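No gaps in the numbering here: position 87 of the sequence shown is 140 in this note's numbering, and each next residue is one more.
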Amino acid sequence: MQVQAVMTSPVVGIEPSASIADAARLMLSRKISGLPVIQSDGTLVGIISEGDFLRRGELGTKRKRSRWLEFLVSPGKVADEYVHANGRRVDEVMSDSVVTTAREASLEDVVELMADHHVKRLPVVENGKVVGIIARSDLLRALLRVLPERDATDVGDEQIRQSILAELASQTWARNSLIHVNVDKGVAELSGPIFDERERQAALVAAENIAGVKAVTDHLLWVEPLSGMMIDPLA
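Here's what the structure looks like:
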């Protein structure tokens, strides 16, 4: 799936010369946690988010350091922090280092960028102009659209059983799986040994995601690798 299929457009943005009060009001009224900062010609120049309002003099939350640590910090960094804690315009507190994406980018690329740069949203840029924005909430809406509805399909028990076995066989964590699968009227029963307790939840999730499964019962036994002792968590 590509960015253009799930991005939000047109974009709610704000101009660099706007006040931080205007930015805060806009974010609160639109229930969004960040805004791209856009010049009148549509050019992206930065981004402002809730995090930019955390260290504020008015709130008494600006950064404090001990005297000896303050001595070690460069005057330029201290000056920059002062502007961020006391600036009144968007262009004074915004981040001008913005990670962006393109319409044709894949959602996989977007998620990697968000994770690598620790950001919650990416402006979508085309020819230097902002044409959209993709945020975590857009990914959540996309997920909701593609999640299968439970009981939406009528699948035979044996087909369900074979699908669960195939899914387990394709997973590296289920190496040489000894898990037995039985299905009765859409209810999948998993039994047999597992050798890492974390495999239990993974096996249950694997079964839950198979079309036609109505419920999953857990009769798996954890075998402690060193002693060979079987541990039944339900016992």
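For glycine and all other residues, C-beta sits at the position ideal for the given N, C-alpha and C. The structure displayed is predicted, hence computed values, not measured ones.
- Glutamate 220 is positioned such that its CB atom lies no closer than 8 Å to that of isoleucine 247.
- Residue burial is scored here from C-beta neighbours: glycine 129 has fewer than 16 other C-beta atoms within 10 angstroms and is therefore classed as exposed.
- With respect to valine 152, leucine 122 sits apart: the two C-beta atoms are not nearer than 8 Å.
- Between phenylalanine 106 and the set Val131, Asp210, Ser148, the nearest pair of CA atoms involves Ser148.
- Ranking Ser216, Arg141, Asp210 by CA distance to the CA of isoleucine 73 puts Arg141 first.
- The Cβ atoms of glycine 87 and aspartate 144 lie no closer than 8 Å to each other.
- Looking from the CA of serine 102, the closest CA among Glu277, Ile85, Leu193 belongs to Ile85.
- Relative to the Cα of aspartate 207, the nearest Cα in the group Gly265, Val56, Thr114, Val269 belongs to Gly265.
- DSSP places asparagine 262 in the coil class of the three-state scheme, outside both helix and strand.
- Residue pairing from DSSP places glycine 87 in a beta bridge opposite Ser102.
- Distance from the CA atom of glutamate 165 to the CA atom of isoleucine 217, rounded to whole angstroms, is 29 Å.
- Annotation for asparagine 180: no alpha helix (DSSP H) segment contains it, and DSSP assigns it neither H nor E.
- The C-beta distance from glutamate 242 to histidine 272 rounds to 6 Å, short enough to meet the 8 Å contact threshold.
- Rounded to the nearest whole angstrom, the C-alpha separation of leucine 200 and arginine 194 is 10 Å.
- For glutamate 242, the enclosing beta strand (DSSP E) stretches over residues 240-247.
- The C-beta distance from proline 89 to glycine 66 rounds to 5 Å, short enough to fall under 8 Å.
- Contact annotation, glycine 110 with alanine 138: C-beta distance approximately 5 Å; criterion of less than 8 Å satisfied.
- Per DSSP, the continuous beta strand (DSSP E) segment holding aspartate 237 begins and ends at 233-237.
- The beta carbons of valine 56 and alanine 168 sit no closer together than 8 Å.
- For the pair isoleucine 187 and valine 59, the CB atoms are nearer than the 8 Å cut-off.
- Nearest C-alpha to valine 136 among Leu196, Arg108, Asn235, Ala155: Arg108.
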